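Here the structure is laid out as C-alpha cells; the discussion comes afterwards.
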Amino acid sequence: MPQYSNRWPITMRPLLLLLLLLLALGAEAFIFMYGGQHSTEHLRDEDPGEHQSAKFRRSVGEDEEGIGDSEAEVDRGIVVRSYKVESRITLRFAHTTVTSVVSNLAKDGQSVAFSTQIPKRGFITNFTMNVNEVTYMGSVMEKTKARNRYIQARAQGKAAAIVRSSMQDMEVFKTEVYVPPGSQIEFELHYQEMIPRKLGSYEHTLHLQPGRLVPDLQVDVYIYEPKGITFVETPQTLGEQFEGLTEVVTTGNKAHVVFRPTLEQQRRCRNCSSTAVNGVFTVKYDVNRDGDAMELQVSDGHFVQFFAPEKLDPLPKNIVFVIDVSGSMWGLKMRQMVEAMQTILDDLTMDDYFSIIDFNHNVRCWSEDLVPGSSIQVAEAKKYIQAIKPNGGTNINEALLRAIHMLIRASNEGLIDHRSVSMIILVSDGDPTVGEIKLKAIQRNVKRYMREQFSLFSLGIGFDVDFDFLERIAMENRGVARRVHATQGATEQMRSFYNELSSPLLRNIIFQSLKDSLSDVTESRFDKFFKGSEIVVAGKVASCDSNVLEAMITASAAKQDLQITTKADCEVLDRDLILQPHTFAGFSKQMWAYLVINQLLADRSLASTATKKRKITEKIVKLATEHQFVTPLTAMLVESEGGDERLLADSPKDPKQGCCLGPVSNGKVTMVHGVPPWTLPTPGPTPAATRTEILQVNIVENDPHFTVYLPKAQLDICFNIDSEPGDILNLVSDPGLGVVVNGKLIAGKQMKDNKLNTYFGTISIYYRPLGVRVDVSTEQITVIDGEDNHGISWASATNATFSGVKISVMKDAKVNVILRDNISFMVVLHRVWKKHPFNVDFLGFYTPDDNAFSPLVHGLIGQFIIEPTVKVHEIHKGTDPMKMEATMEVKGNKLSVTRGWQKDYRKNRKYGSNVFCWFIHNSGKGFIDGHYKNYIVPQLDSFLQRP
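Spelled out as C-alpha cells, the structure:
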C-alpha cells in the first residue's frame, strides 16, 4: 500500500525478513539491514524459515484508497504508476521478480514504503532501486563483512537501521524511502524458490497487495516443464470478483498465466476508490510422468532427478497420536483439533494400527496397545477425543516417551508388519511446563529411544509454541514439522497435514548413479515417500559418457522391493532451453545450490558440536555468496553505482525472535504499532455510572492499593497489601499460558504517621513460551529476549516487538505490553518531586478484565478473572459520615466493608480520576484466596506455587 508523510515514518511489522530502509534526502549514505540487532555487537547466526507480496504504504496516517484520475489524488501526491509480478518456473524452480514505479506529485517530499511478502522457502537474490537518478544494486557477501561496513557507516554518522523480525508464516522485504517532490522511484526485487509437490500438485503463490488502484497492474507466470504439463489451475483465492479475469494458455510443455485487471475491475465496488486486489494469487499445476514416475534432466553441468510414483499400494500405517490437552488448548483450539481428528480417524483402515495419547501435566493412553483401525475402534476413539477437557500443564517429554515405548512394544510382539510405516504425530500449542522442561534434554531422550524405523511428525498450533524445537525434534527423527494458525481454518490445516502423511507408498528410497559420473550430490537417501509428494535429488555432472547419464532408484514397496533405472541425454535440455524465451539462465546451478544450502541449514540446526556447526557455516557462506542468496548467514549490500551510498539487507534469526528495532537514531528506537483501546479512556469526567462502559480494568496504584472490577456484579472492590520493602508480590500467574506478572516493593523515604509506605518500584511481565521478560522500573524498561538484553529509556517514545511481544512506550508516562494479541497490560510511571520528604517514584499497574487467560490463572489480580459471587447489603452510614459501610458476602465470608475511592491515572497522571469502590480491610482478608503472604514469590519471573 502506498503511504506517505511529510516527516520520517515510524512503521513496523513483526514479520520474518523485515527490511527497513532509511533514505534521508541529502544524506551521504544509508545502511539497510533486516534480521539484525540494535547494537554493534556480533549478529547471532540465524536459522532458515516457509511465505514472503508487494504493497505500498504511507509512512504515517491512514491508507490512501486508490489513485484515480482526480485532482484530489494529485493533491495527495503519491501515485503508483505500475505494479508487476513475473515468475518464471523451470522444472519446479521459480525465479520471481516484483517491480513497481511510484511518483510523488505533491509539493512536498514524502516517505514511501514498499514491502514484498515472499515464501519462507524463498531466497532473495537481488534488489535494485532507482531514486533521485541514483541506482542502487545488491550483492551478497558474508554477514560479518557486511556488518563491518554497517558499523563503519554508523561511525561516520550515516543513517542506519537494524531490524530483527519473527519467523511466522511470511517473510517481508520492506523498504522505506524519501521521495522528493516531483520525483519518481523504481523498485525491483528478485527471489528464487523450489516449489514442492503436495497432495498431487505444485502450488505457486504470489501475494498481491498494491494497496490502491494501479493503472498498470499485471501478473505473469511462465511455466516450462520438458516432460509436459497435465493441467494448470488458478484457484480464485483473490475473491469471486476476479472470476474469469485470469488467462491460462497451455501448449504441451509450456504454460502462461496472465492476470491483468483494469482500473475498473480492481475497484472494490463500482464507485469505490479502493482496490479489491489484496491477497494470494495461486497457480497450481502438475506434470506428465512416465510409467516409472522418474524424470532425470541434465543442464549446464548439473543434473536433477525427480521421483513421484503414484500407482502403488499404500503401506500399512502404525500411528500414535500424541495430543496436547493442557489448559492453553482450551476453547477454539480444542474444538478445531476434535473436528480434525474426526476426519483423520475415519481415514484409518483395517490394515492400519493406532492409539491415542493425550497429555497435560499427566499422560493418559486411550489404549495401552496399538489397535486395528476398525470401525468399532475408530468410533470409540472419537468418543474419547470428544470427552477430553483441557486443563493443567504440558508434559511433552513423558508423552513422547510413552508413544515410543508403545511402538517398541508392538514391534517386539510382532504386531508391526516389517513393510509398514510407524509414526508418531505430535500436536501441541505450547512449551513443556511439567516434568522434563529442558528442550535439549527432551530431544536427547526422544532420539535415544526412537528406532530407525520410527518417525516423528510435529504439528505446532499458533505462535506461542516453540516451533523451532518442534522442527528440530521432527527432523532429527525422520519427520517434518508444520505450523498451524489458530484461526477458523485450523481444522482444515490439520487435516491437510495428515493427508500429506496418510498414504505412505515407499520406504528406504536410495538414489545412485550407475557410473562414477556425479559429484556434490544432495541428500540421496530418504526414509519414506508419501503419495502426492516428490523426491528431488540434484548434483554436478563430472562426466557424461556418450552424452547419456544413467541413474537408479531402489525402494521398498508394499508387496515388493523396487529397482528403477532411467537415462537422460546430457545436451537435449540445454538445446531446448535456448528456444524458450521465458526460462531463466543458470537455473540448474541455482536449483542445486538452493537445495544444498537448505540441506546444510537443516544439518547446522542439528549439529552436535561447535566444530561441526562452524564447518557447516563455512560451506553455507561459500555457496550463498557464490550464488547470491540472502540466507541467515549472509547479507546483501545494496550500493549506489559510485559506491558512496549503501544499505544492508540481512536475514532473520529463528521462529521466536521478534522485530524490535529501527529506525535508529542515537540509540533510540522509534517504531510504532497500536495500543489497546482500554488504555485510552474517553476524555472528560468519568462518573461511577459509566465505569462499566469505559474503564473495565483492574488497578494497582500507590502504596499499593488494589482495585478489582467485577463485571457481572458491576462492582469495584478495593484492598491494600501491607507487605515489606523488597517483597515480590504475584499479581498474575497463568501456568496454562506461561504468563506471569510480579511486582517488587520499594519503601518511601521515611515513615509518615508511624507507617512506612511501600510502592511498586519494578513490575515484571514474563512470557515463558517465547522466553521474553519485560522488567519495567522507574529508571528504564529492560527486555530480556533469550540471551539478549535490550534497554529502553523512558525519555523517548518507543514502539517495538520482541518475539511477538509488543511494547509501546509513551515518553515519561506509561508502557503497554501486549501478548498473543489478546492479553495486555499497562504500567504507569509516577514521578515525584525529588525533594519530597516521604514519597519516591513508583509504578501503577493496569489490566483489563477481559484478558484471555486460561482457567489456571491466579494471583492477587488474576484470581478474579473467574469472578466470585458477591453480595453487598445492610448499607448504612459509617463512623465517617462521608463513607458508607455495608456487609459483603463473598467466598463464604461475611466482611465489613467501607465505601471509598481509589485513583485511576490513565487519563490524568497528575490528579487521576476517582473510582468509587467497597474497601476490604486487613490486606484483603476474606476476599483474596488465603493470606496475602501466600502471594510473595522469590524471583521476578517466578510463578505462583499454589498448595
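All you need for my numbering is the position in the sequence shown, starting with 1, plus 12.
C-beta: ideal position from N, C-alpha, C; glycine also.
Predicted, not measured: the structure shown is a model, and the values here were computed from it.
Sequence-distant residues of its chain with Cβ nearer than 6 Å to residue i (five each side left out)
i	result
residue 780	750
residue 397	350, 353
residue 142	198
residue 805	792
residue 947	741, 742, 872
Neighbourhood of residue i by C-beta, 8 Å cutoff - its chain only, sequence neighbours within 5 removed
i	result
residue 374	404, 407
residue 757	716, 735, 736, 737, 738, 739, 740, 741, 770, 771, 772, 773
residue 264	240, 241
Check whether residue i and residue j have beta carbons under 8 Å apart
i	j	result
residue 330	residue 415	no
residue 748	residue 867	yes
residue 733	residue 944	yes
residue 345	residue 429	no
residue 536	residue 549	yes
residue 896	residue 906	no
residue 563	residue 592	no
residue 382	residue 418	yes
residue 125	residue 89	no
residue 184	residue 244	no
residue 489	residue 459	yes
residue 513	residue 541	no
residue 649	residue 151	yes
residue 595	residue 100	yes
residue 231	residue 293	yes
residue 790	residue 855	yes
residue 612	residue 582	no
residue 469	residue 447	no
Where the beta strand (DSSP E) containing residue i begins and where it ends
i	result
residue 802	800-805
residue 845	Element bounds for residue 845: n/a, residue is neither H nor E.
residue 469	466-473
residue 298	291-299
Outcome for residue i when other beta-carbon atoms lying within 10 angstroms are tallied against a minimum of 16
i	result
residue 3	No information on residue 3 is available, as it lies outside the stretch 13 to 959 that the chain covers here.
residue 940	buried
residue 772	buried
residue 41	Legend: pLDDT at residue 41 = 28, less than 50; position of this residue unreliable, value from coordinates given subsequently. Result: buried.
residue 271	buried
residue 834	exposed
residue 845	exposed
residue 222	buried
residue 597	exposed
residue 763	exposed
residue 435	buried
Run of the alpha helix (DSSP H) containing residue i, from where it starts to where it stops
i	result
residue 875	Segment: none, residue 875 is in no alpha helix (DSSP H) and carries neither H nor E.
residue 378	Run containing residue 378: none; DSSP gives neither H nor E here.
residue 136	Run containing residue 136: none in the alpha helix (DSSP H); it sits in the beta strand (DSSP E), 135-143.
Own chain residues within Cβ distance below 7 Å of residue i, not counting five before or after
i	result
residue 487	614, 618
residue 78	Reliability of the predicted coordinates at residue 78 is poor, the pLDDT of 35 falling under 50, and no value is obtained from them.
residue 11	Residue 11 lies beyond the stretch modelled for the chain, which goes from 13 to 959, so this question has no answer here.
residue 393	357, 368, 378
residue 211	511, 512, 544
residue 409	444, 447, 448, 454, 457
DSSP three-state assignment for residue i, whether helix, strand or coil
i	result
residue 125	strand
residue 946	helix
residue 317	strand
residue 373	coil
residue 732	strand
residue 355	helix
residue 792	strand
residue 599	helix
residue 307	strand
residue 960	Since the first residue shown for the chain is 13 and the last is 959, residue 960 is missing from the structure and cannot be characterised.
residue 503	helix
residue 608	helix
residue 397	helix
residue 822	strand
residue 79	With a pLDDT of 35 at residue 79, under the threshold of 50, the modelled position of that residue is not reliable, and the figure given next carries that caveat. DSSP places residue 79 in coil when its eight states are reduced to three.
beta-carbon residue i near the ligand MN non-hydrogen atom, thresh 7 Å
i	result
residue 276	The ligand MN is absent from the structure shown, which contains no ligands of any kind.
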